[in-house]
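Heads up: the sequence lines are chains A and B, in that order. Heads up: the first sequence begins at 1 in the numbering used here, then just goes up one per residue. Heads up: the second sequence begins at 1001 in the numbering used here, then just goes up one per residue. Note that CB positions come from ideal geometry on N, CA and C, so glycine has one too.
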Amino acid sequence: KQEVTQIPAALSVPEGENLVLNCSFTDSAIYNLQWFRQDPGKGLTSLLLIQSSQREQTSGRLNASLDKSSGRSTLYIAASQPGDSATYLCAVGSTSGTYKYIFGTGTRLKVLA
Amino acid sequence: DAGVIQSPRHEVTEMGQEVTLRCKPISGHDYLFWYRQTMMRGLELLIYFNNNVPIDDSGMPEDRFSAKMPNASFSTLKIQPSEPRDSAVYFCASSFGTEVYEQYFGPGTRLTVT
């Protein structure tokens, strides 16, 4: 059974700092991995999607990497800003049985001005 | 496109009442997903459809929950009878395919059962 873990659960950093969020999964048989951000009381906003054949994806100040063999993905945020404060969730598209996303529990990020 | 649309945004009901949540996916998307989010369990997939056909409903907690997708632009999630432990935020998401396409989420319906 696929399990997805995100560490740390919460993180506070000063504005301008570069930071890395981690996502680990137990079964390397995945279709893809998607990173989302969720603002309080809101839905999920897609940030990046990495297909199983890819190693990384970049969008602006965000870079996501995928290492299937080790069951890990990282989301790198460069030059963090207070507007980046949110909960970041990773979701693994698992191939076990029918296609489905398994979500991690998220990392709550606070960027201090 | 307006994105995934869900209604109502908030629902407060008494235990035992029937609750119907509604979702309109992004036009052209052939996959639709229903999720539930709670503090205790995080985000869980309840059921998903492909071309209006239910593919995997293994996440539906019990027979009180049912979902339908009568056409490509509309889906419902029904809870009958509702219980306090059903209180959660329910999200609908849609995508065009699976492996190479992102899932897009609606704003969610916050359900409170008293």
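#### Entry: Residue burial classification, V1113 of chain B (beta-carbon count within 10 angstroms, cutoff 16)
The residue given as residue 1113 of chain B occupies position 113 in the second sequence. It counts as buried.
### Query
Taking the continuous beta strand (DSSP E) assigned at H1010 of chain B, which residues delimit it?
Locating residue 1010 of chain B in the second sequence gives position 10, where the first residue counts as 1. 1010 to 1013 is the span of the beta strand (DSSP E), which, as asked, contains H1010 of chain B.
### Message
Can you find the residues in the same chain that come closer than 6 Å, C-beta to C-beta, to T1020 of chain B, ignoring five residues on each side of it along the sequence?
### Response
Along the second sequence, one-based indexing puts residue 1020 of chain B at 20. Within the same chain, T1020 of chain B has close Cβ partners T1076, K1078.
### Query
Going along the chain, which unbroken runs of the beta strand (DSSP E) with 3 or more residues stay wholly within the region 15 to 75 of chain A?
19 to 25, 30 to 38, 44 to 51, 56 to 59, 62 to 67
### Query
If you check the beta carbons only, do L112 of chain A and P14 of chain A fall under 8 Å apart?
Locating residue 112 of chain A in the first sequence gives position 112, where the first residue counts as 1. Locating residue 14 of chain A in the first sequence gives position 14, where the first residue counts as 1. Yes. Within cutoff.
### Query
What does T105 of chain A reach in chain B if we use C-beta pairs closer than 8 Å?
On the first sequence, residue 105 of chain A is found 105 positions in, with the first residue counted as 1. Taking a Cβ-Cβ threshold of 8 Å, the residues of chain B close to T105 of chain A are G1042, in chain order.
### Task
Would you identify the three-state DSSP class for D979 of chain B, choosing helix, strand or coil?
With chain B covering 1001 to 1114 only, the question about residue 979 of chain B has no answer from this structure.
### Message
Rounded to whole angstroms, what is the Cα-Cα separation between D1086 of chain B and F1065 of chain B?
### Response
For the purposes of this step, residue 1086 of chain B is taken as the residue at position 86 of the second sequence. For the purposes of this step, residue 1065 of chain B is taken as the residue at position 65 of the second sequence. One C-alpha to the other measures close to 10 Å.
### Query
By Cβ distance below 6 Å, which residues in the same chain neighbour S24 of chain A in space, the five residues on each side in sequence not counted?
In the first sequence, counting from the first residue as 1, residue 24 of chain A sits at position 24. These residues qualify, in order along the chain: T5, G71, R72.
#### Entry: Continuous beta strand (DSSP E) stretch holding F1033 of chain B: start and end
Residue numbering aside, residue 1033 of chain B sits at position 33 when the second sequence is read from its first letter. Note, F1033 of chain B: beta strand (DSSP E), 1031 to 1038.
### Task
Go through its chain and collect everything with a Cβ distance to S85 of chain A's Cβ below 8 Å, but skip five positions before and after it.
By one-based count along the first sequence, residue 85 of chain A stands at place 85. Within the same chain, L109, K110, V111 come within 8 Å of S85 of chain A by CB-CB distance, once the 5 residues on both sides are set aside.
### Query
Which chain B residues sit within Cβ distance under 8 Å of Q34 of chain A?
Translated into positions along the first sequence, residue 34 of chain A becomes position 34. Result: E1102, Q1103.
### Short CB-CB distance (under 8 Å) between D1056 of chain B and chain A
In the second sequence, the residue the question calls residue 1056 of chain B occupies position 56. Yes, D1056 of chain B lies at the interface with chain A (some Cβ there is under 8 Å from its Cβ).
### Query
Is there contact here, the region 1021 to 1031 of chain B with the region 1042 to 1053 of chain B, by at least three beta-carbon pairs under 8 Å?
yes
### Message
Taking the straight line between their C-alpha atoms, what separation do you get for M1040 of chain B and P1081 of chain B?
### Response
Position 40 of the second sequence, counting from 1, holds the residue named residue 1040 of chain B. Position 81 of the second sequence, counting from 1, holds the residue named residue 1081 of chain B. Their Cα atoms are separated by approximately 22 Å.
### Message
Do S94 of chain A and Q34 of chain A have their beta-carbon atoms positioned less than 8 Å apart in this structure?
### Response
Residue numbering aside, residue 34 of chain A sits at position 34 when the first sequence is read from its first letter. Residue numbering aside, residue 94 of chain A sits at position 94 when the first sequence is read from its first letter. It is not a contact, given that the beta carbons lie outside the stated cut-off.
### Message
List, in chain order, every chain A residue whose beta-carbon is nearer than 8 Å to that of P1107 of chain B.
### Response
Residue numbering aside, residue 1107 of chain B sits at position 107 when the second sequence is read from its first letter. Under the 8 Å cutoff, chain A gives K42, G43.
### Query
Listing by chain order, which chain B residues have their CB less than 7 Å from the CB of L11 of chain A?
Indexing the first sequence from 1 puts residue 11 of chain A at position 11. By Cβ distance, chain B contributes nothing, its closest Cβ being about 18 Å from L11 of chain A, past 7 Å.
### Task
Tell me whether G1003 of chain B sits in a helix, a strand or coil according to DSSP, three-state version.
To locate residue 1003 of chain B, count along the second sequence from 1; it is residue 3. Reduced to three states, the DSSP call for G1003 of chain B is coil.
### Query
What do you get for A1067 of chain B, buried or exposed, if any count of 16 or more other CB atoms within 10 angstroms of its CB means buried?
The residue given as residue 1067 of chain B occupies position 67 in the second sequence. That one is buried.
### Beta-carbon gap between P1107 of chain B and K42 of chain A smaller than 8 Å
The residue labelled residue 1107 of chain B in the question sits at position 107 within the second sequence. The residue labelled residue 42 of chain A in the question sits at position 42 within the first sequence. Yes. Within cutoff.
### Task
Can you grab the Cα-Cα spacing for the pair G106 of chain A / A10 of chain A, in whole Å?
In the first sequence, counting from the first residue as 1, residue 106 of chain A sits at position 106. In the first sequence, counting from the first residue as 1, residue 10 of chain A sits at position 10. Roughly 8 Å between the two C-alpha positions.
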